[in-house]
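What follows is one structure encoded as structure tokens, with my remarks underneath.
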Amino acid sequence: MSFPWAEHYTPKHPAMQWIDEKLPLPRLVYNAIGAGYPVPRNLNYFWNFGVLAGLALVIQIVTGVIMAMHYGANTLVAFGTVEQTMRDVNAGWLMRYAHANGASFFFIVVYLHIFRGLFYGSYKAPREMVWLLGLVIFLLMMATAFMGYVLPWGQMSYWGAKVITGLFGAIPVVGEPIQTWLLGGFAPGNASLNRFFSLHFLLPFVIAAVVILHIWALHIPGSSNPTGVEVKGPQDTVPFHPYYTAKDGFGVGVFLILFSILLFFAPNYLGHPDNYIEANPLSTPAHIVPEWYFWPFYAILRAFTVDFFFVPAKLLGVLAMFSAILMLFFLPWLDTSPVRSGNYRPTFKKFFWILIVDVLILGYCGGAPAAEPYVMISQVAGAYYFAHFLIILPLISRFERPLPLPGSITESVLNRHNIKGEQDALPGMGADPQPSNAG
Amino acid sequence: MASVEHTDSQGLSGEGGVRRRDFINIAAVSFAGVGAVAVVIPLVDQMNPSADVLALASTEVDISSIQPGQAIKTTFRSQPLFVRHLTDKEIAEADKVDVSSLRDPQTLEERTVDGKKQWLITMGVCTHLGCVPLGAGEGENRGEFGGYFCPCHGSSYDTAARIRKGPAPKNLEVPKYSFTSDTAILVG
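Residue numbers (my numbering), protein chains in the order written: chain A, 1 to 439; chain B, 1001 to 1188.
Have a look at this one:
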């Protein structure tokens, strides 16, 4: 697709030739994820998470469509049909636990995928569009996950829906009409449940469509790699199949083992017991928390406790929470360093790990009760999160002195493997590209 | 193509003017745009509360059996509604407060109907994130100001259901209501 030396699709079987003339779909697949897509030869296991996210999406769609066959989107029966799925439907428990834990695994691999991109500078030119489309997928995932959590119509479902739609109520003037419009009533009810079900069924297919755009945009410049140095010739790449289908296959195996451990041995570990109580609009659970993958953003939401300049604290929290994600859309233009990979950016690397710790702290605070010291910690950690992207990153880009880059992907690979004696023989393998000595 | 040019030259309305074709083009596209917007209106409006939901938009409550000091929890627009019969002591406590010191300054008079100061009718929805405060039920924690207490994030309301402590920005909302008789109210 992207490089002139890519292998060409040449169907041998007459039937395949016939199809190729009429609808070259096998050719498209061959060029996208087959031998026709040349990929840098030095990808490490962090490059597995795109494929794993795709697998998680497939698991969610398959188990979700099956769950929908046994579900009744009506407040009178919703809770009961989910319990019936668990107890009476053949393998229903497996489908529901796989779907609920599958959502968690989807977020785990997507968060790792995002932090991979942050560390290796995958968002930089010429791959900005890949990054932007990825964020669109992330936003769609969050909307889908939120609406899916409402469907079992347990206590957390109901009160989660109330709190999250209540966020829109914080917007001045139009807030409350928007909230009523979203819910189709004055509180979460039958109308809300039905529309959430409809959209929860639709959005995964929208995500699948954006995933196709994401891959399309990726395949124009081709995949990035751990050195961040662009591909310079055929010696820098290997065909996606069989090299990376094999490497991704290994990753898939590890993913499925970990998924199975949670699914079969601790299926409720990431859930909340309150959601096994049917929704009751007259009684609030003592501690309302969203699912773990929303915790860092929930912590930012709750970090605002005082009004600033007539802007109510509640509205500030809502704006900050949405900004925390929307800000990432500007990342390709906030980080102006021409060096992509964090491996060659000593200052950036330190702050990257501080950011990871910061986000973990935010996540912990988001899951904790809204009391001191968690509120104060959230305020500091939330402020740092914004400072990282808006202040620290642009400053690092300006003042940091990156380490010398390898001349090419092949050079860095050979350097790493000839090693020992030769490493000293190649001091400061410079910024200037050198002729490759690969076959 | 010659014929097109011919038509164009006929469509010219003086120097630098608008060609007839441009006008038709803009008019047609604008009209299609109006049509598209008109179609979007019902597509968006269908998500607003339906007639049966709005039909439940008002609730009648019989208050004859609520003794001073008691409160009941009922529903209005499928959200909890607190109807509370204040004691003289609670009214005095509410009146004693310096209104200007409050986060959401309101007097008890402003929050009740004229001459029915003992009837405090509010939504049972905390103005912070929408939890149901405690205090309407028998023996529930009424917080340090004797009104309502929200267990979610610790907002305390006083005997006029005004916010006194905690993260909530506003007093408990007083819905529109009227007394249909001495022992009944119509909310909504």
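Beta carbons: idealized from backbone N, C-alpha and C, even for Gly.
Just so we're clear, the structure is a prediction, and the values are computed from it rather than from any experiment.
Cβ pair residue i, residue j closer than 8 angstroms
i	j	result
Ile-108/A	Ile-207/A	no
Ile-288/A	Met-321/A	no
Cys-365/A	Ile-377/A	yes
Gly-185/A	Pro-1049/B	yes
Glu-278/A	Gly-121/A	no
Leu-199/A	Met-147/A	yes
Thr-1183/B	Asp-1062/B	yes
Asp-1104/B	Arg-1162/B	yes
Ser-157/A	Val-1132/B	no
Val-359/A	Pro-290/A	no
Phe-240/A	Val-51/A	no
Phe-168/A	Gly-160/A	no
Nearest neighbour of residue i, chosen from the options [CA to CA]
i	options	result
Val-110/A	Met-95/A, Ala-191/A and Ala-56/A	Ala-56/A
Thr-144/A	Gln-235/A, His-99/A and Arg-416/A	His-99/A
Phe-1082/B	Glu-1093/B, Ile-1066/B and Lys-1096/B	Ile-1066/B
Ala-217/A	Arg-127/A, Asn-101/A and Trp-333/A	Arg-127/A
Gln-1070/B	Gly-1166/B, Phe-1145/B, Ser-1064/B and His-1085/B	His-1085/B
Lys-1176/B	Ile-1063/B, Ala-1057/B, Gln-1046/B and Val-1097/B	Ala-1057/B
Trp-93/A	Ser-104/A, Ile-66/A and Pro-369/A	Ile-66/A
Tyr-37/A	Phe-3/A, Phe-348/A and Ala-15/A	Phe-3/A
Asn-74/A	Phe-168/A, Ile-61/A, Lys-232/A and Ser-192/A	Ser-192/A
Val-62/A	Phe-168/A, Leu-319/A and Arg-96/A	Arg-96/A
Glu-372/A	Leu-112/A, Thr-305/A and Ile-114/A	Thr-305/A
Tyr-244/A	Gly-134/A, Asn-225/A, Leu-256/A and Phe-115/A	Asn-225/A
Leu-139/A	Val-210/A, Ala-78/A and Leu-118/A	Val-210/A
Arg-340/A	Leu-405/A, Tyr-149/A, Leu-183/A and Asp-88/A	Leu-405/A
Lys-350/A	Phe-119/A, Gly-80/A, Thr-81/A and Phe-201/A	Phe-119/A
Cβ neighbour criterion (16 or more within 10 Å) applied to residue i
i	result
Lys-124/A	buried
Trp-131/A	buried
Lys-441/A	Absent from the structure is residue 441/A, since the part of chain A shown begins at 1 and ends at 439.
Thr-1180/B	exposed
Asn-275/A	buried
Ile-220/A	exposed
Met-69/A	exposed
Val-1044/B	exposed
Trp-47/A	buried
Phe-1023/B	exposed
Ala-15/A	exposed
Ser-260/A	exposed
Tyr-30/A	buried
Ala-1136/B	buried
Gly-430/A	Bear in mind that the predicted position of Gly-430/A carries a pLDDT of just 43, short of 50, making it too unreliable to give a figure here.
Straight-line gap, residue i to residue j (C-alpha atoms, nearest Å)
i	j	result
Leu-151/A	Ala-1055/B	25 angstroms
Arg-1019/B	Pro-188/A	55 angstroms
His-337/A	Asn-90/A	Here residue 337/A turns out to be Ser, not His, going by the sequence shown. For Ser-337/A and Asn-90/A, the distance between alpha carbons rounds to 56 angstroms.
Phe-389/A	Arg-27/A	41 angstroms
Leu-1172/B	Ala-313/A	17 angstroms
Ala-324/A	Arg-1021/B	49 angstroms
Tyr-344/A	Gly-228/A	9 angstroms
Leu-403/A	Gly-102/A	40 angstroms
Leu-1129/B	Phe-329/A	28 angstroms
Gln-84/A	Gly-64/A	16 angstroms
Gly-44/A	Ile-33/A	Checking the sequence, you will find Asn at residue 44/A rather than Gly. Rounded to the nearest angstrom, the two C-alpha atoms are 17 angstroms apart.
Thr-1075/B	Ala-53/A	44 angstroms
Leu-414/A	Thr-237/A	14 angstroms
Ile-59/A	Phe-49/A	15 angstroms
Cys-1152/B	Ile-392/A	36 angstroms
Glu-21/A	Thr-410/A	37 angstroms
Val-1039/B	Met-1047/B	14 angstroms
Ala-1028/B	Ala-1036/B	12 angstroms
Pro-204/A	Ile-212/A	13 angstroms
Backbone secondary structure at residue i - three-state DSSP
i	result
Asp-1062/B	strand
Pro-427/A	Caution applies to Pro-427/A, whose pLDDT of 43 falls short of 50 and renders its modelled position unreliable; the value that the coordinates give is listed next. Three-state result, Pro-427/A: coil.
Ile-171/A	coil
Ile-19/A	helix
Phe-201/A	helix
Lys-350/A	helix
His-13/A	coil
Tyr-1177/B	strand
Lys-124/A	coil
Phe-3/A	coil
Val-311/A	strand
Gln-84/A	helix
Val-317/A	Per the sequence shown, residue 317/A should be read as Gly rather than Val. Gly-317/A: helix per DSSP, three-state reduction.
Tyr-1157/B	strand
At a Cβ cut of 7 angstroms, what residues of the segment 1036–1070 of chain B count as close to chain C, listed as they run along the chain? Considering every chain present, this structure includes no chain C. Its protein chains are A and B.
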